[in-house]
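Going letter by letter, the sequence shown gives residues 1 to 781 in the UniProt record's numbering. For every residue, glycine included, the Cβ atom is placed at its ideal position computed from N, Cα and C.
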Amino acid sequence: MMKEKWTIDQIEKWLIQVDEDAKQFQEATALQLIKQLKEEEATQQTDAMTSELYARLAAKRMERVESAHDHLVMEWMNQAISFNPTNEIAHTVRLKKILMECRQLPIPTKFPPIRETDHGSAKKKTAELYHELATQFFELDEKMLDHFSDAEQSIKYTKEPPYESLILTLQQTYAAFREPFSVIESATKEYANSLTGIYYSAAQFKQIHHAVLQIESAKKEWESQLESFAPEKKSQTALEELDSMIGLEDVKKRIAKLYQFLQYQKARKEQGFRFKDELSLHMILTGNPGTGKTRLARLIATIYHELGLLERPEVYEVDRSQLVGGYIGQTEEQTTQAIERALGGVLFIDEAYSLKRAGQTTQDYGQAAIDTLVSAMTSEKYQGKFAVILAGYPVEMRNFLRANPGLRSRFPDQNHVHIENYSTSELIEMAKQVAIDNDYVITEGAIATLKERIEQQQVDESFGNGRTVKNIVLDAIFQKGASVSLDQANSNDFLLLEAWDFEAKEKNESVDEANPIEQLDELVGLSDAKKEIERLTSFVKVQQLRRDHDLETSPLELHAIFSGNPGTGKTTVARIYAKALHQLGLLKRGHVVEVSRADLVAGYVGQTAIKTKEKIVDALGGVLFIDEAYSLSSSGENDFGKEALATIVQEMTIHKENLVIIMAGYKDEMQQLLSINPGLRSRFKNTVPFRDFTGDQLREMMTMRADQLGYTFEGDAQAMLHTIVPSEGHPGNGRYVAGLLDSLIQAQASRLMEEDTRQMNKEMLQTITREDIDVVQNMEG
1 MMKEKWTIDQ IEKWLIQVDE DAKQFQEATA LQLIKQLKEE EATQQTDAMT SELYARLAAK
61 RMERVESAHD HLVMEWMNQA ISFNPTNEIA HTVRLKKILM ECRQLPIPTK FPPIRETDHG
121 SAKKKTAELY HELATQFFEL DEKMLDHFSD AEQSIKYTKE PPYESLILTL QQTYAAFREP
181 FSVIESATKE YANSLTGIYY SAAQFKQIHH AVLQIESAKK EWESQLESFA PEKKSQTALE
241 ELDSMIGLED VKKRIAKLYQ FLQYQKARKE QGFRFKDELS LHMILTGNPG TGKTRLARLI
301 ATIYHELGLL ERPEVYEVDR SQLVGGYIGQ TEEQTTQAIE RALGGVLFID EAYSLKRAGQ
361 TTQDYGQAAI DTLVSAMTSE KYQGKFAVIL AGYPVEMRNF LRANPGLRSR FPDQNHVHIE
421 NYSTSELIEM AKQVAIDNDY VITEGAIATL KERIEQQQVD ESFGNGRTVK NIVLDAIFQK
481 GASVSLDQAN SNDFLLLEAW DFEAKEKNES VDEANPIEQL DELVGLSDAK KEIERLTSFV
541 KVQQLRRDHD LETSPLELHA IFSGNPGTGK TTVARIYAKA LHQLGLLKRG HVVEVSRADL
601 VAGYVGQTAI KTKEKIVDAL GGVLFIDEAY SLSSSGENDF GKEALATIVQ EMTIHKENLV
661 IIMAGYKDEM QQLLSINPGL RSRFKNTVPF RDFTGDQLRE MMTMRADQLG YTFEGDAQAM
721 LHTIVPSEGH PGNGRYVAGL LDSLIQAQAS RLMEEDTRQM NKEMLQTITR EDIDVVQNME
781 G
C-alpha cells in the first residue's frame, strides 16, 4: 500500500519484482506510480518506467476482459508505445489484440446454399445475404490491412511466441478471400436483379457457387492457423477452486485432508478391499454470515462427484420453510420430496438449527423434519445415494446438535468444518476482487477509508464478512456514479474508486464534528468528572502512540463507575465519553445504550442471561450505560439480578475493547455493589465522581439551557433567579433546572396568550419576565 511517494529506485525495484512474479502487480499501484512519474522531470528512465507500467496495465486488463475492442487496453497500449516505441510487453499486447480481431473475422464457415430448385424469392433473399457479406468484407478490408501493418511493426520487438510466421501465413490466407468475395459482390448483385419471374442466369449461379467453396475453404484454413494461438481455457478442479479462494486456510487444510482420504478409500475399493462401515459423506458447516458456507457446500458436492462418490455435482438448497409444513403429515411429505430431489447429489439445509426451536410447541413440526431426515440417511432406500450438508451460525448449530443426539451421530467429528471470520486484510482483498468483477479498480488512497468502513461494521457476530464487503464496494460504486459529472468525466471516473467514494454517507452528511473534550469542558461544573474523563482519554491516546512506535502498551481498562446523585450529568458525560472513544478509534460506533434493571432482569430462570446478552449485543462498538446499577445486587430467592451481573462480567471478558460498560448510581450504594461482587471491582477500576451542583452552577445552567432553547431573561428576571434557585443548590440538580425552566416557559406562554397576538414581536416571544418567575414561585410556594 502506497502511503507516500516512492523513489525512482523503489519503482524500479517493484517493476523487477512484478517481472519475476506477476501476482505482485497491482493496477491501483501502477496507476498511482504513473501519476507520480508524470509529475517528475521527464528523463529516459522515467519514460521507460511509465511505458512499462502502461504496458503491464494493458496486458493485465486484456487478460481479464478478453476483448479486442476494450478502449482502456487500446489507450494504455498506445501510451506504452508512445513512451517507449520498443516496449516488448506493449507490442505483445498489440499482437494478441490483432489475433483476437482475426478470430472474430465476420466470415461464416458455412454459407447458406442457393439451390436451383428454390423459389425465386428464396434465391433472391439468399443472394442479397451473399452480397451483404461481401460488402462487409470489403468495408473491413482496409482495417485488416492496417492490423497486418501494425503486426509487422510489432513483430520486430517480440520474441515469443513466433508471431512472424503466423502473421505471414494469415496475410496469405486473408488475400485468398479477396478474389472470391469480389466475384460474389458483382455476381450476386446481377444475380439478384436477374431473378424476375422464372428467369435466372446459370453462369452466374456457377460463379457464386465456386466462389463460396473458395471462401469456405479459406475460412477453414484461417481458423486452423489461429487454433494454436487461441486463449487457453483454464479448467479447475473443485479443490483447485477452493485453493484459489481468499483466506479459509484452515478450511482448505481440512478439505484437502478429506479429499486425500476419499481418494485413498476409493483406491482401496478399486483394489477389492471390503468396507463394513461406509464412509459418511454428511457434513456440518458452521460460520458467521458471509463466510461462504453455501459456496463451500457446492465445492464439496463437486469434489464428491469428481471422486465418483455421487452421481451428480448438484446441490439442492432448502431451508425450514421448504421442509416444515403446517399440519400433520405435510412436513414428512415435503422433507421426503426434498430428499428425492437431492438424490445423486447434496441436500443443503441452511440455518438448520431453525428446525428445532426453543420452546417448540406441539403445533411446530420441525422435529418431524429432523426425524424424517435421520430416517432417510440410514434407510436402505436412500443411504449412500445422497449427502446432507447442514449449515448455520456456530453457537446456534452447537446448541441444535446438542439437543438432537440422533442427528449428531450421523455427522462424524471429522466432517465438522468451521469457517472463521475473515481478517481485515482478507476482506480488503475480497473488496478488490468485487471491484475488479465490476470493472473498477480501488485506488491505494482508498484502502485506508475502505478499511475504516470494514472495521466499523466488525462489531458483533452479525457482521456479514464477504457479503458486507460486497455491499460496501457496491455502495462506493453508487456514490461514484451519483456524483460524477458526465460532461466533465474522463476514463478514471469510470474506472477508479477513490477514498471519498468509500466514505460513509452519515459521515459525509454529519455536521456535528465538535471535539468531545471541548463539549465536556463547556458543561457547567463537574470539575472532578472532567478531570477523570480527560485522564482516561489521555491514557488511550498515549497507549495508541506507544503502539504506533512499537512500544509495550498497558491494557485499556475503560469501564467505569459513575457515582453521584440524580441530575448530576452522568448520562450526558457518558455520551461524550463514548464519542471521545469513538473519535480516538477505540469504539467503532460510539453510541450509548441506556438500560436499567428492568431491561436486564427477567422473571424466571434462564431468561435474564438472554435479556442481558441482547442489550450487550446492542451496545457493541459503544457504551452500555446501566443506571441505578446497584439494584442488580438485590437479595432474594427469586431475584435474578446477580445472574445479570455474572453475565455482564462474562461478556466483558469476551468482547474486550469492543464494549465499554458504565455503571451509574448513588455513591454509597455503588460502593456497596462493588464490595458484594469482587469480580466487578477488579473490572471497574475507574470511578468518576459527580458532585451536586451549587446554586450558582444551577443558575448558570438554567441561563445556558434557556439560551439554547431561544429564550432570555430580562434584567429583573435574571436577578430573581436567586429567589427560586437555592444558594446551597437542590437535590434534583440538573433535572430540577430542566423542570423549572419548563415551568417558566409555560408561564410565559400563558401570559402572552392574554395579550393581543397581532402586536407580538420576536423579542416578546423570547423573553422571560419577572412576572413569569412570580407565577412559578407562587405555584411552588
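The straight-line gap separating the alpha-carbon atoms of Ser750 and His722 is approximately 23 Å.
If you look at Asn686, you'll find it in the beta strand (DSSP E) that goes Asn686 to Phe690.
When C-alpha distances from Arg56 are compared across Asp47, Ala42 and Trp76, the shortest belongs to Trp76. Secondary structure at Thr553: coil, using DSSP grouped into helix, strand and coil.
The UniProt domain "AAA+ ATPase" (556-694) contains, as complete alpha helix (DSSP H) runs of 4+ residues, the segments 570-583, 597-600, 607-619, 641-655, 667-676 and 678-683 (chain order). Under the 10 Å beta carbon count, Gln672 is surrounded by fewer than 16 other beta carbons and is classified as exposed. Note on Glu227: under 16 other CB atoms within 10 angstroms of its CB, so exposed under the neighbour-count rule. Residue burial annotation: Asn404 is buried, with at least 16 other C-beta atoms found within 10 angstroms of its C-beta.
Looking at the backbone, the Cα of Met753 and that of Ile724 are separated by about 24 Å. For Val459, same chain residues with a beta-carbon under 6 Å away, outside a window of 5 residues either side, are Lys588, Leu620 and Gly621 in chain order.
Assignment of Thr29 by DSSP, reduced to helix, strand and coil, places it in the helix class. Its Cα nearest to that of Phe713, the residue Ile773 stands out among Asp250, Ile773, Thr424 and Ile662. Excluding the 5 residues flanking it on each side, Tyr353 has same chain C-beta neighbours closer than 6 Å at Gly392, Glu396, Met397 and Phe400, in chain order. Taking 9 Å as the cut-off, the beta carbon of Ala664 is found no closer than this to the beta carbon of Thr608.
With the rule of 3 Cβ pairs closer than 8 Å, the region 307-317 counts as touching the region 343-351. The C-alpha of Asp716 lies about 10 Å from the C-alpha of Ile768.
For Leu495, the uninterrupted alpha helix (DSSP H) run begins and ends at Ser491 to Leu495, by DSSP. For Leu347, the pairing in a beta bridge is given by DSSP as Tyr316 and Val388.
Here Tyr54 has Trp76, Gln79 and Ala80 as same chain residues with Cβ atoms under 6 Å from its own Cβ, once five neighbours each way along the sequence are excluded. For the pair Val484 and Leu497, the Cα-to-Cα distance works out to about 12 Å. DSSP, read as helix, strand or coil, puts Thr46 in helix.
DSSP places Gly287 in the uninterrupted beta strand (DSSP E) bounded by Met283 to Gly287.
Comparing alpha carbon positions, the residue from Met74, Thr424, Ala58 and Leu72 closest to Ile89 is Ala58. In this structure, DSSP gives Thr86 a state outside helix and strand, which the three-state scheme calls coil. By the Cβ criterion, the region 285-302 is not in contact with the region 320-332, since fewer than three pairs of Cβ atoms, one from each stretch, lie closer than 8 Å. Here Glu426 has Ile246 and Gly247 as same chain residues with Cβ atoms under 7 Å from its own Cβ, once five neighbours each way along the sequence are excluded.
The alpha carbon of Ser423 has as its nearest neighbour, out of Asn288, Pro516 and Gln414, the alpha carbon of Asn288. For Ile303, the enclosing alpha helix (DSSP H) begins and ends at Lys293 to Glu306. With fewer than three CB-CB distances shorter than 8 Å, the region 590-604 does not count as touching the region 441-460. Note on Leu551: under 16 other CB atoms within 10 angstroms of its CB, so exposed under the neighbour-count rule. Beta-bridge annotation (DSSP): Thr378 is not paired with any residue. Contact check for Phe411 against His282 passes: the beta carbons are separated by less than 9 Å.
Within its own chain, the residues whose Cβ lies closer than 6 Å to the Cβ of Val776, once the five positions on either side in sequence are excluded, are Ser743, Leu744 and Ala747, listed in chain order.
In the DSSP assignment, the residues bridged to His418 are Thr286.
If you look at Pro394, you'll find it in the alpha helix (DSSP H) that goes Pro394 to Arg402. The beta carbons of Leu586 and Leu632 sit no closer together than 9 Å.
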